[in-house]
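Contents: one structure, followed by commentary.
Protein chains: 2
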Amino acid sequence: MKFETNWRPVRNNGMPLYRQIADYVRAKIESGEWPPGSRIPTERAIAQVFGVNRSTIVQAFAELTADGLIEGKSGSGTIVSAAAAWDNEVPKLPDWEAYVKTGVHRPNQRTIQDINHAEFIPDIIRLGTGEPSPDLYPKAMNRILRQLPPQTDIFGYPEPRGLYPLREEISKHMAGYGVNVSPDSVLIVSGALQALQLIALGLLKNGSSVLTESPSYLQSLQVFQSAGMSMIGLPLNEEGMDARALEHYAGSGKGTLLYTIPSFHNPTGTVMSLNRRQDVYQLCVKYKLPIMEDDAYRDLWLDEPSPPPLKSLDQNGLVLYIGSMSKTLSPGLRIGWVIGPEQVIHRLADVKMQSDYGASTLSQWTVAQFLRQGLYGEHLDHVRKELRARRAYMLQLLDYYLKGVAEWVEPAGGFYIWLRFKRDLSIHALFDAALKDGVLLNPGYLYDKTDQNHLRLSYSYASFEQMKIGIGRLAHSIP
Amino acid sequence: MKFETNWRPVRNNGMPLYRQIADYVRAKIESGEWPPGSRIPTERAIAQVFGVNRSTIVQAFAELTADGLIEGKSGSGTIVSAAAAWDNEVPKLPDWEAYVKTGVHRPNQRTIQDINHAEFIPDIIRLGTGEPSPDLYPKAMNRILRQLPPQTDIFGYPEPRGLYPLREEISKHMAGYGVNVSPDSVLIVSGALQALQLIALGLLKNGSSVLTESPSYLQSLQVFQSAGMSMIGLPLNEEGMDARALEHYAGSGKGTLLYTIPSFHNPTGTVMSLNRRQDVYQLCVKYKLPIMEDDAYRDLWLDEPSPPPLKSLDQNGLVLYIGSMSKTLSPGLRIGWVIGPEQVIHRLADVKMQSDYGASTLSQWTVAQFLRQGLYGEHLDHVRKELRARRAYMLQLLDYYLKGVAEWVEPAGGFYIWLRFKRDLSIHALFDAALKDGVLLNPGYLYDKTDQNHLRLSYSYASFEQMKIGIGRLAHSIP
Chain B
1 MKFETNWRPV RNNGMPLYRQ IADYVRAKIE SGEWPPGSRI PTERAIAQVF GVNRSTIVQA
61 FAELTADGLI EGKSGSGTIV SAAAAWDNEV PKLPDWEAYV KTGVHRPNQR TIQDINHAEF
121 IPDIIRLGTG EPSPDLYPKA MNRILRQLPP QTDIFGYPEP RGLYPLREEI SKHMAGYGVN
181 VSPDSVLIVS GALQALQLIA LGLLKNGSSV LTESPSYLQS LQVFQSAGMS MIGLPLNEEG
241 MDARALEHYA GSGKGTLLYT IPSFHNPTGT VMSLNRRQDV YQLCVKYKLP IMEDDAYRDL
301 WLDEPSPPPL KSLDQNGLVL YIGSMSKTLS PGLRIGWVIG PEQVIHRLAD VKMQSDYGAS
361 TLSQWTVAQF LRQGLYGEHL DHVRKELRAR RAYMLQLLDY YLKGVAEWVE PAGGFYIWLR
421 FKRDLSIHAL FDAALKDGVL LNPGYLYDKT DQNHLRLSYS YASFEQMKIG IGRLAHSIP
Chain A
1 MKFETNWRPV RNNGMPLYRQ IADYVRAKIE SGEWPPGSRI PTERAIAQVF GVNRSTIVQA
61 FAELTADGLI EGKSGSGTIV SAAAAWDNEV PKLPDWEAYV KTGVHRPNQR TIQDINHAEF
121 IPDIIRLGTG EPSPDLYPKA MNRILRQLPP QTDIFGYPEP RGLYPLREEI SKHMAGYGVN
181 VSPDSVLIVS GALQALQLIA LGLLKNGSSV LTESPSYLQS LQVFQSAGMS MIGLPLNEEG
241 MDARALEHYA GSGKGTLLYT IPSFHNPTGT VMSLNRRQDV YQLCVKYKLP IMEDDAYRDL
301 WLDEPSPPPL KSLDQNGLVL YIGSMSKTLS PGLRIGWVIG PEQVIHRLAD VKMQSDYGAS
361 TLSQWTVAQF LRQGLYGEHL DHVRKELRAR RAYMLQLLDY YLKGVAEWVE PAGGFYIWLR
421 FKRDLSIHAL FDAALKDGVL LNPGYLYDKT DQNHLRLSYS YASFEQMKIG IGRLAHSIP
């Protein structure tokens, strides 16, 4: 278990630090937060989080041991003693560790867990983060929240497919991209990630395999693997996924579904050309292979709009289209959507009702109003302008600091630069070294297990100042 | 597929109704919402939803058939013809129906699906709904939303365990019930239902079995069954679940987890006595059986507070405590929480990060402010007063209309009256008859498959006027 807490001992408050820490541990044990028999964090981890000398922790542990609350156990560190239990005949109740290990769902990759936690380290520089900088959140949202809708609109349970006014706005928004569907075929989800989970649980069976670009954001998730599905990676070139590889797998009956990010691909930034889109779509028609089109970055073109969505080619109801407000408006609203044949949308809505009874109505209403009042277009203009400046600055820094050792392509939109080191090096070691230096990276192996020479850099999140410091430190960390 | 849409043909707009409807279907087909080969809704269903004569639909279908867009197929109703496909050599692309049927996740019970949809029929009287009436939503929330927090607080991704200020407030709130845990052991979830899903996916394995009261709200869900787990029902008396039955199953090693709603049980309203709580807890200690304590109704005591939570007895870290704001503050915010040993909370937080990256930050912030500003206690006082009046009125109506045929116990809190008919009757037929009459019921068999003589009535949702009309119609519908 990762040791994390917001509590800290207070210096010079009249009580020695070791005593404050011993009391903290005592409270954890008495409240059952650290149950009898459970391993407690190491002296080293505690000392680090609290910013005290290890000797202080040794002293605290000595007191707790003397009181019979904890005990050293060879091979498994320090544990809460059974004697601390309410009923002290029972050594360990229940064996949570066994439960934690046997769940159906796979844990996130260790690096992803590290990233999820490191993001909350104060002053950390996040060079790979896939989210917009808080500076880019829409100021106009304040106007919306001041308007105070009828309470029934924002506080009741929404319909299974989501708040109707929001589905209506999404339907209009998509028409602008050549996707003409009624609000009936739109399902609001709690972010695009949930769409993938609903599809995994609602439409696929154990043993299915999902074809996708390699590398791919999808490879960094456990959502399909946890449901017993496997992933098959398709090579990617500058026009998008390799159509021949697609035909090979689809033709031989491997692959139950194709997952693709055709516009401003995560992590490579690639835009699938119109020709390739048509080829991919036709191959999927030929082999009756459904498509999940993840289009979360479409609105974030910087040079010119991306070719039309695969969904706009789709009179056959072959494509499940996934959109999101997390990259453009704000991730904290947790609003995404799925568009597909009505029967599929109904099935996914039913699974959603069993997962969380729908996305926050308050969030749904807020996004609907933002769209309805025409604030979204204006907001995107602003975000694009900012992202262009950010992209230019990061490219300039890369030129300055990394030209000799790495190469990259200027992305036409989205958030990412897929940095390739000219020689193989230990990206694991680089990740650790940078983190020690206060810089958080997204290593390429998250998106392709075998990768040893890429980083996904993002110009969307860190400030200009942080980018400069961060890229400088990164250059310095390279062995 | 259930036919549902907000679109309606318009009378006297210069275009005949059948032509408007034909155009509607044409658009559905051309957009791929109704793909080639898929079954379309029956003439009867369409006529009913649009409020037109069936002959109008027959005329529209004739036109569409003549245009080659749809065709009657013996045994499977009317389908979208292959000729409507973009590439008309391909008959059906893909076979979504097969996908819809093979998903890992079970569909909701048919009656639950019907209820989820019927709730949005205009003017429907909802006599069994487990949510507060919109009249009970807190007016003071407007004050909160006007305050406009720093944008970073409400629009960024939250920490894995949830927004810290909210976890802090929940920790304080729980201390009031004798549960003393730090914010470290609190996980914010997107409603209590999600807590169950995280536990099912994160802690249990295929083949686990969950012990629970019979009847139980849990039996109406598919969350554990979909993850390959079975349910074992324990009889319930006026003091709570039968401890002997618990000992029988726990002692024979059946049961991986106990799920209980000790306070204002759903659907029976039962409050587990303090003695029974102690017995149940001790048995679980003895057999090392973890407990999920669902305490969503605790704040809604009407006569006197419920005995302390099982969690307050728990120094052993045996209990995972589930709380919710959906029943007291508003369901649309989608905010609940789980309290448990830190290692378990970390595991659940990791699964949550893989499900939806956390609950709406806007919702989390709103609830944190509501608690922090001390508005919750005042709000609960008001809600309790209103619920007491609602309970009294429904009991009065039951006395008047149903005294001869049914019996019930006055609940001491929560939302529900567990109505028992003195003779077995077809609750299925009663459900259908009432629904035709505009009254939506929650049949007892949702909570215990074998049940044939209960209804779960709720005094929380319908207005006084609706209760009066609804109970009257219900009495009239009884065969």
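For the protein sequence lines, the chains are B and A, in the order given. According to UniProt numbering, the first sequence is numbered sequentially starting from 1. According to UniProt numbering, the second sequence is numbered sequentially starting from 1. Ideal placement from N, C-alpha and C gives every residue a C-beta, glycine not left out.
If you check the beta carbons only, do residue i and residue j fall under 7 angstroms apart?
i      : j      : result
B/S263 : B/V179 : no
A/S363 : B/L348 : no
B/D356 : A/S185 : no
B/G323 : B/Y416 : no
A/A22  : A/E63  : yes
A/L234 : A/L246 : yes
A/Q219 : A/Y447 : yes
B/L166 : B/I199 : no
A/Y459 : A/S330 : no
Can you tell me whether residue i is buried or exposed? The criterion is at least 16 other CB atoms within 10 Å of its CB, across all chains shown.
i      : result
A/Y400 : exposed
A/P122 : exposed
A/M15  : exposed
A/S252 : exposed
A/D299 : buried
A/N266 : buried
B/N13  : exposed
A/G77  : exposed
A/G210 : Looking at the sequence shown, residue 210 of chain A is not Gly but Val. Burial call: buried.
B/A250 : buried
B/R423 : exposed
B/H105 : buried
B/K327 : buried
B/T256 : buried
A/A429 : exposed
A/K73  : exposed
A/T129 : buried
A/K403 : exposed
B/R277 : buried
B/K108 : The question names Lys, but residue 108 of chain B in the sequence shown is Asn. Flag for B/N108 reads buried.
So the candidates are the options; which of them puts its Cα closest to the Cα of residue i?
i                      : options                        : result
A/K101                 : B/D350, B/H428, B/L221, B/P411 : B/D350
A/S477                 : A/A433, A/K468, A/L455         : A/A433
B/Q202                 : B/I345, B/G377, B/I79          : The amino acid occupying residue 202 of chain B in the given sequence is Gly; Gln does not appear at that position. Among B/I345, B/G377, B/I79, the Cα nearest to that of B/G202 is on B/I345.
A/V439                 : A/Q278, A/R126, A/Y259, A/M394 : A/R126
A/L457                 : A/P41, A/R277, A/L274, A/F421  : A/F421
B/W34                  : B/A118, B/D114, B/A82          : B/A82
B/A412                 : B/R384, B/L397, B/H428         : B/R384
B/N206                 : B/E131, B/S230, B/G414         : B/S230
B/L441                 : B/T450, B/G470, B/F464         : B/G470
A/A359                 : A/E342, A/G332, A/V409, A/F50  : A/G332
residue 516 of chain B : A/R244, A/P138, A/K288, A/W7   : With chain B covering only 1 through 479, there is no way to say anything about residue 516 of chain B.
A/H117                 : A/I261, A/Y297, A/V49, A/K172  : A/V49
Check the Cβ of residue i against every Cβ in chain A and list those closer than 9 angstroms, keeping chain order.
i      : result
B/V344 : W96, Y99, V100
Chain A partners of residue i, CB-CB under 8 angstroms?
i      : result
B/V181 : S31, G32, E33
B/G255 : Simply none; closest approach about 12 angstroms.
B/T366 : L362
Can you list the residues of chain B that residue i reaches, using a CB-CB cut of under 9 angstroms?
i                      : result
A/W7                   : S182, P183, D184
A/P36                  : Q315, N316, G317
residue 538 of chain A : The requested residue 538 of chain A does not occur in the structure, where chain A is confined to residues 1 to 479.
Interface residues of chain B around residue i at Cβ under 7 angstroms?
i      : result
A/D350 : P107, N108, Q113
A/N116 : P160, M353
Sequence ranges, alpha helix (DSSP H) only - wholly within the segment 17-44 of chain A, length at least 4: 17-30
What are the complete alpha helix (DSSP H) segments, minimum 4 residues, inside the segment 103-127 of chain A? 110-118
If you scan the segment 263-301 of chain A from start to end, which runs of the beta strand (DSSP E) of 3 or more residues do you find wholly inside it? 291-294
Could you tell me which whole beta strand (DSSP E) segments of length 3 or greater appear in the segment 152-240 of chain A? 186-189, 209-213, 230-234
Could you pull out every unbroken beta strand (DSSP E) segment of at least 3 residues lying fully inside the segment 378-423 of chain A, listed in chain order? 416-421
At 3 residues or longer, and completely inside the segment 287-373 of chain B: list those beta strand (DSSP E) runs for me, N to C. Listed in chain order, the complete beta strand (DSSP E) runs (minimum 3 residues) inside the segment 287-373 of chain B are 291-294, 319-324, 336-339.
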